[in-house]
Every structure is written in structure tokens, then in C-alpha cells.
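First up is the structure itself, then whatever we jot down about it.
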Amino acid sequence: AALAPLHRHAKIERLIVSTYQAVSGAGKAGLDTLEREMRAQNGLRDKDSCFAYPIACNLIPQIGRFNDEGYTSEEMKMQFEGRKILHDDQLRVACTCVRVPIARSHSEAITVEFKHELTPEKARELIENAPGLKLVDDPDALIYPMPISTSNQDLVFVGRIRRDLSAAGDTFRRSLTLFCCADQIRKGAATNAVQIAELLLKPDL
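Below, the structure written as C-alpha cells:
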């Protein structure tokens, strides 16, 4: 969802996404598992856990089953849904999905390569004026998106917008890195990253 306005303005060609997904994404069983393990605080896997390893005070880089190429079903879903939402079958997506020990609100760290040049300043302007998005981007004042801020909210919070310092040559002017959070129960998780991109591709902007 967060990438939609950016996509309309500058056309996304490639995405690198890491998601940090709350246990509520696994349903009530996920919430119950976290609650029991946090209460015990012994670092042991709960006997009724719906996860492969303890989730309390831990991160699990697996959501869904692995395929032959080493990607999980959730990571493949992110690729397919990203292309579908942006109406671009050629969109290149690399994704890593991680389960994190918080109750609700998913987060995404996203590096975006566009077809056309896009500055951080223009990206902020587009996001600030896009419906469904909230620009939360003042690092000097310690203001940035966090799951605790987005729980029970309908908006996708977007911030930490900056140049991709790993990009070289012309690609540097066409690449940005950002961070977004949204309550996946209120706002679909798979559409968050894409909404930002679509906004940037608006021909009238």
C-alpha cells in the first residue's frame, strides 16, 4: 500500500523487502503462544506453540513452507501480490519474511529501484498527500514508523525515506530505502509496500 503513489510517479522496477510480521498474523494460536512464552520467560518453546521455535524474545525467519529455491510461501505471496497490485508482471521482487514477537502490526524495510529519478523530498511529498498513508519521517526528532504507533490504526505509516547508498551510477538517483508499518488486521499486509509505489507513478504529479 505504501508504494502506490511512488509507483505511479516513477514506476517501480525492482523491490527488495524485508517484512517483520506480528504473531497475530498466525491467528489466535500465535497470540496465545506469545502470551504463554512471555509469561514463562524461560526461553523454551511452548508445548502448544504454532511456531517451529520459541517466539518470545526471538525472531523466526520463516513464515510458511520453504520451496525448492529456499523461499517461503509468504515470500512468494509477496512477490505475486506485489505484481498483481501494481499491474506489472515484470516487477522484480526479492523478499524475506520474518515473524517477530509483537502482537499486531506488520513492518517492512523496503529498497525500491524506479525507472525514473525520484528524490527523497518528492517521495515525502507524494506520500504526505496520498490517501491511506501517513508520513512519519523526522529522524532527528526520533519520529519514524513503529508497530506500537500503528496498532488499531487504519493508516500505513511511512518514514526513514532516504537514498539507497548501495546503488551506483544512474541507479543511485532512481533508488530509495524506506520503512513502513501498518496494523495488518486493519490494513492488508501484502498491499502496504505497493500503495506507496503506485502514488509515485501518477502521470499528473
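Each residue of the sequence shown is one higher than the one before, starting from 1 at the first, in the UniProt record's numbering.
The beta carbon of each residue, even a glycine, is placed where N, CA and C say it ideally should be.
If we count the other Cβ atoms within 10 Å of its Cβ and call it buried at 16 or more, is residue i buried or exposed?
i: Lys187; result: buried
i: Met38; result: exposed
i: Glu75; result: buried
i: Ala190; result: Confidence in Ala190 is poor, its pLDDT being 47 and thus under 50, which makes the residue's placement too unreliable to answer from.
i: Gln41; result: exposed
i: Tyr144; result: buried
i: Phe51; result: buried
i: Leu142; result: exposed
i: Ile148; result: exposed
i: Phe172; result: exposed
i: Pro139; result: exposed
i: residue 267; result: No answer is possible for residue 267: the residues shown for the chain start at 1 and end at 205.
i: Gln90; result: exposed
i: Leu165; result: exposed
i: Gly25; result: buried
i: Lys11; result: buried
i: Lys134; result: buried
If residue i sits next to residue j, beta carbons under 8 Å apart, how far is it from one beta carbon to the other, in whole angstroms?
i: Arg83; j: Thr72; result: About 17 Å separates the two Cβ atoms, so there is no contact after all.
i: Leu86; j: His7; result: 5 Å
i: Ala56; j: Leu34; result: 6 Å
i: Val156; j: Gly132; result: 6 Å
i: Leu15; j: Ile127; result: Not confirmed; about 16 Å, so no contact.
Could you pull the start and end residues of the alpha helix (DSSP H) that residue i belongs to?
i: Glu69; result: Looking at the DSSP string, Glu69 is not in any alpha helix (DSSP H), and its letter there is neither H nor E.
i: Ala29; result: 28-40
Taking the beta strand (DSSP E) that residue i falls in, what are its first and last residues?
i: Leu15; result: 12-21
i: Thr177; result: 175-182
Notebook entry, point to check: Of all the alpha helix (DSSP H) runs that stay within the bounds of the segment 87-168, which reach a length of 4 or more residues?
Noted result: 120-128, 147-150
Next item on the list: Evaluate contact between the segment 118-136 and the segment 151-170, counting only Cβ atoms and requiring at least three cross-stretch pairs below 8 Å.
Entry: The segment 118-136 vs the segment 151-170: in contact.
Check: Are three or more beta carbon pairs between the segment 17-35 and the segment 96-111 nearer than 8 Å?
Finding: yes
Checklist line | Any 3 or more C-beta pairs closer than 8 Å across the segment 54-61 and the segment 93-100 | finding: yes
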